[in-house]
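Report on one structure; see the data block that follows.
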Amino acid sequence: MIYDAVVIGAGVVGMSILRELTRYDLKICCVEKMEDVAEGASKANSGIVHAGYDPIEGTKKARFNIEGNNMFSEICKQLDVEYKMIGSLVVAFDDHEINILEELLQRGKRNGVKGLEIKDREWLFKNEPNLSKELKAALFAPYSGITNPYKLTIALFENAIQNGAEVIFGFEVCRIEKDDDFFIVRSADGRVVRTRILINCAGAYADEISKMVGAKNFKIYPRRGQYYILDKPEKLPVNRVIFQVPTEKGKGILVAPTVDGNVLVGPNSEYVDSKDDTSTTQEGLNEIFEKARKVLPSLSKRDVITIFSGIRATPDTHDFIIGEDENIENFINVAGIESPGLTSSVAIGRYVAEIVSCKLNAKRNPNFNPYREDIKRFSELSDEEREKMIKLNPSFGNIVCRCELVSEYEIIEAIKRGARTVDGIKRRTRAGMGRCQGGFCLPRVMDILSRELKIDKTQITKFGKNSYILTEKRWED
Amino acid sequence: MEKYRVVIIGGGPAGLAAALESFKNLKGDKRVLIIERDRFLGGILNQCIHPGFGLHYFNEELTGPEYAHRFVEQVLENRIGYLTETHVIDITSEKEIVAVNKKGLKRIKADSIVLAMGCRERTRGAIITPGTRPAGIFTAGQAQRFINIEGYRIGKKAVIVGSGDIGLIMARRLTLEGIEVKAVVEIMPYSTGLRRNIVQCLDDFGIPLLLSHKLVKIHGKYRVEGVTIAKVDSQLQEIPSTERFIECDTVLFSVGLIPENELSKKAGIVLDMRTGGPVVDNTFSTSQKGIFACGNVLHVHDLVDNVTKEAQTAGRYAAIYSQHPELFEDNIHINVVAKDGIRYVVPQKLNKNFVQPFVLRFRVDNLYKDAVVTISNAGKILIEVKKSILTPGEMQSIEISQKILSQLDFSSDIVVSLQNI
């Protein structure tokens, strides 16, 4: 197949670029090695929309953070994705840390962040009564927010598809050649795509893709962060995103509500040998809990429902690498997108799409529709709306996931929109994300996947490749 | 709005027994309704195809489905109403229930409600087990459903975490299905399972039971490739350099059960932190008048036979409530208190209007040898029971007879405690 532009990698950055490209009259596609979108860093990060006081002024990080923050609310509205501008606090225990808050405040002002303010103890304890009484002050950023990173990626994907883009899954790029006009991108299983412009959004593997093309030489170091997810409390212990003062290792450990009403604690920061090492460790988890407890003493391990880790794609350039390669024409690197990558992703998408459209002299796509609707959720509707929905679709009355009140309808709808795996269903519907972690609903979700996709249950995977859940059918009913 | 005398939430063993007993004790209008989430009545018993059920209640050994069937038959014979594939999404303190199924939303008003929603399993995440998150990690209940009801094999080589009865029974079950069980790993220095199950499920099949061992890491990218285990000290902390890798493609977690009280919370019912279930009196009445609780939603049981007996009492009082709610007014309770080595006791209260023989069920907080359980009141010991061995995994029960009740001083607590001899 021949395309005008091909994006490698279906994370939030790749999908944002793909969707922005559909604003133009171009033949575009994304190749992704896994079976679903958001299988890398985009599924395992803090989900914070940063205000923009962290990055050093003049960097790409600073630019795209600020631009992204300004665009976020509008894009989430268009794509029907949860976004809550709850504000953030960086909390300080002593004078040294208060000095750092002052530095952040000044840097934020230079970056153009609005509304930054240093708050005193009284304000802090009135507004965040559960935080440690040892705290002395906090930097308040009212325009920080929280979102759901994989839901945003999925929404961008669905909207891009609606507007005519393609995504090829299970396409693991193993070789890239270039002739006069085209990049020839080959996958491990022998499939080939040809494209005029190639955009590298391969996350932790972006350096390897760049090397395959013979382009810019940089290195991505995988830096792991581990997390805890706590059960939905009756009342949230914090109202805002609570950061500790940043260190050279990053923004430090945070405690934050999620848009779904859980509590997120983490991440730590550790360089790891493998780009795929998303394991959690006892040491890492202990470190996070002890540090988080200093800020929020009431934190209890009894409330933990799951633990996970994600990989940050940390570049040796110390800044995002975004732009056409100096030596390889029509090859665009979008690499090293670590924090604030999620916030920046929406702005990066627009920026890269503009570069591509200029290069190809592309016309606007007159049929571009920026709107996408999320699946209707049983848990979010009133009883009257539920009754109406059940009349139209009886499966809306069949509750499959009891912890998160997910109906059969939602699972069928997720499959219609591209979910092929148990984790794909989970990220689209929350089935299996609650306190029992799929203890009851996993077999039911598999029943529905098997029926809708017309495949045997032994063919169903957790997240593609060899992640089979059942190994053999022993008898027929 | 539909009206019922008694509505039972949950169609497992507790719900079935409570429904039957409510029905028997109602006079005149006998409308009783069971609401069940699953496709069938019987609850988790349907997937427990091993024998050992009913030894106490029926004096014979039944499988789970057989045990359930005896109650389901009576429900059908008596034409007691039931809804399956119906999910209760709300209960109010006014005893209004909102349930949902494919036909729509149903609003039901009940004179009394019996909560019998059972429990869920603790997960790998809840016990904070580090490592990767590949396929091949199951709770014992999930594995049981896949194997016993759906007829699938879930792997080739397995490690089981937790040696309670469910973990032990699944070790045997996997072996019979041709899955090699490499080990059963137990963090405590003792198994919380019955001796009989250790012999019949592990020893008979040569499956090693590794006491004072912990699973410290799960390995594998797409499917489980192995686990690392280590010995632990008396503080349950990992002992350095005792780590050992076990190759396997499947890990089963059987690490405890948690009563499912999300609906109880919605109804504003007071819960006991130690049982995880509602605080109840000897009528199994919760803090919300007219709402009763029994079975694993109240506290986790070892034997279904005890669930049945408890649920019968709850069902009977639910029927009584629907006719005489005045007998359940406030300020008519004395407390039953767990002390010194007793982790919890159920019921936590005694209703002075129903001074009738009842059973105290409790668990100890540690392993005890040669100890005495005493029940005292107003400084006077009423009952002393000697036990050669007591473990937290084994639920204890003591019957409070009419004779004991006649000696009670109602101005003082009933205290259950444990002394070493």
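Taken in order, these protein sequences are the chains called A and B.
Take the UniProt record's numbering: the final residue in the first sequence is number 477, and no numbers are missing along the way.
Take the UniProt record's numbering: the final residue in the second sequence is number 421, and no numbers are missing along the way.
Built from N, CA and C at the ideal position, the CB exists for glycine as well.
Keep in mind the model is a prediction, meaning the values are calculated, not measured.
Cβ neighbours of residue i in the same chain (closer than 7 Å, five flanking residues each side left out)
i	result
PHE410 of chain B	ILE334, LYS352
LYS119 of chain A	ALA137, ALA138, PHE140
PHE358 of chain B	ASN282, ILE400
Expected contact under 8 Å - CB spacing of residue i and residue j to nearest Å
i	j	result
VAL6 of chain B	ALA110 of chain B	6 Å
ALA378 of chain B	GLN419 of chain B	Actually they do not touch by this definition, with Cβ atoms about 18 Å apart.
LEU453 of chain A	VAL422 of chain A	That pair is no contact at about 12 Å.
ILE8 of chain A	ILE209 of chain A	6 Å
ILE146 of chain A	PRO257 of chain A	7 Å
VAL119 of chain B	ILE169 of chain B	According to the sequence provided, residue 119 of chain B is Cys. The question's Val does not apply to it. In fact, because the Cβ distance is near 17 Å, the residues do not count as touching under 8 Å.
LEU298 of chain B	THR275 of chain B	7 Å
GLU82 of chain A	LYS151 of chain A	7 Å
ASN70 of chain A	VAL49 of chain A	So it is not a contact: roughly 11 Å between Cβ atoms.
ARG343 of chain B	PRO392 of chain B	7 Å
GLY10 of chain B	MET117 of chain B	5 Å
Own chain residues within Cβ distance below 8 Å of residue i, not counting five before or after
i	result
ASP456 of chain A	SER450, LYS473
LEU271 of chain B	ASN261, SER264, LYS265, GLY277, PRO278, VAL279
SER298 of chain A	ASN130, PRO237
Delimiting residues of the beta strand (DSSP E) encompassing residue i
i	result
GLY424 of chain A	Looking at the DSSP string, GLY424 of chain A is not in any beta strand (DSSP E); the run it does join, the alpha helix (DSSP H), is 422–429.
GLU399 of chain B	396–400
ALA140 of chain B	No beta strand (DSSP E) contains ALA140 of chain B, which is instead part of the alpha helix (DSSP H) from 140–144.
ASN335 of chain B	333–338
TYR4 of chain B	2–9
HIS87 of chain B	87–91
VAL193 of chain A	192–200
PRO257 of chain A	254–257
GLY155 of chain B	Segment: none, GLY155 of chain B is in no beta strand (DSSP E) and carries neither H nor E.
VAL251 of chain B	250–253
GLN47 of chain B	Per DSSP, GLN47 of chain B belongs to no beta strand (DSSP E) and is neither H nor E.
Residue i and residue j closer than 8 Å at C-beta
i	j	result
ALA431 of chain A	GLU404 of chain A	yes
GLY290 of chain B	LYS95 of chain B	yes
LEU89 of chain A	ARG240 of chain A	yes
ALA171 of chain B	ILE207 of chain B	yes
LEU18 of chain A	ALA206 of chain A	no
GLU172 of chain A	PHE463 of chain A	no
LEU257 of chain B	GLU66 of chain B	no
ILE375 of chain A	THR429 of chain A	yes
GLY164 of chain B	GLY141 of chain B	no
ILE229 of chain A	LEU254 of chain A	no
ILE168 of chain A	ILE176 of chain A	no
ALA314 of chain B	ALA68 of chain B	no
GLY47 of chain A	THR139 of chain B	no
SER407 of chain A	PHE368 of chain A	no
TYR409 of chain A	ARG194 of chain A	no
Opening and closing residue of the alpha helix (DSSP H) in which residue i lies
i	result
ASN25 of chain B	13–25
CYS358 of chain A	341–360
THR175 of chain B	165–176
LEU264 of chain A	From DSSP, LEU264 of chain A is part of no alpha helix (DSSP H) but of the beta strand (DSSP E) over 263–266.
PRO443 of chain A	442–453
GLN312 of chain B	304–323
SER264 of chain B	262–266
SER73 of chain A	60–79
For residue i: DSSP bridge partner residues
i	result
ILE146 of chain A	A:ILE48, A:LYS84
residue 426 of chain B	This structure cannot speak to residue 426 of chain B, because chain B is shown only from 1 to 421.
TYR205 of chain A	None; TYR205 of chain A has no bridge partner.
ARG312 of chain A	A:ARG223
HIS219 of chain B	B:GLY226
HIS213 of chain B	B:LYS231
VAL32 of chain B	B:VAL6
LEU83 of chain B	B:ILE35
SER112 of chain B	B:VAL6
Cut-off 6 Å between Cβ atoms - residues of its own chain near residue i, not counting five sequence neighbours on either side
i	result
ARG435 of chain A	ASP231, ILE305, CYS403
LEU174 of chain B	ALA158, VAL181
PHE331 of chain A	LEU198, VAL213, ALA215, ASP325
LEU408 of chain B	ASN377
ILE100 of chain A	VAL245
CYS76 of chain A	TYR83
Residue i beta carbon near the ligand PLP (any heavy atom closer than 7 Å)
i	result
PHE140 of chain A	Judged by which ligands are present, the structure shown has none, so any question about the ligand PLP falls away.
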